[in-house]
Amino acid sequence: MAANLLELEDLREILERLSDKTAGLPLRERAGRAAALCREAAVRRGIDLRLRKAPGKSEK
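Numbering (my numbering), first residue to last: 52 to 111.
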């Protein structure tokens, strides 16, 4: 989870920006914007948010 890797101040800024800009949007769109803001904050901090799959797991 990105929330575990980001600084508290980054998360507060993300929540503030979300509440200001997305109050009337559908949940799916708000979630997409939240994810984008988390990615932006991670890039600023030099954090890689790629999903890494466990070795040996086959896809179904």
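We put the CB at the ideal spot given by N, CA and C, even for glycine.
Remember, predicted model here, so these are calculated numbers, not experimental data.
From the DSSP output, in three-state form, read off Asp61 for me. As a working mapping, residue 61 is identified with position 10 in the sequence shown. Residue state, collapsed to three classes: helix.
What is the DSSP secondary structure of Ala74, reduced to helix, strand or coil? Translated into positions along the sequence shown, residue 74 becomes position 23. Of the three classes helix, strand and coil, the one that applies to Ala74 here is coil, per DSSP.
DSSP state of Arg103, grouped into three classes? Indexing the sequence shown from 1 puts residue 103 at position 52. It is coil, neither helix nor strand.
Should Ala82 go down as buried or exposed, given a rule of 16 or more other Cβ atoms within 10 Å for buried? Reading the sequence shown from its first residue, position 31 is the one you call residue 82. With fewer than 16 Cβ atoms within 10 Å of its Cβ, Ala82 is classed as exposed.
Do you know how far the Cα of Gly107 is from the Cα of Ser70? Locating residue 70 in the sequence shown gives position 19, counting from the first residue. Locating residue 107 in the sequence shown gives position 56, counting from the first residue. So the two alpha carbons sit approximately 41 Å from each other.
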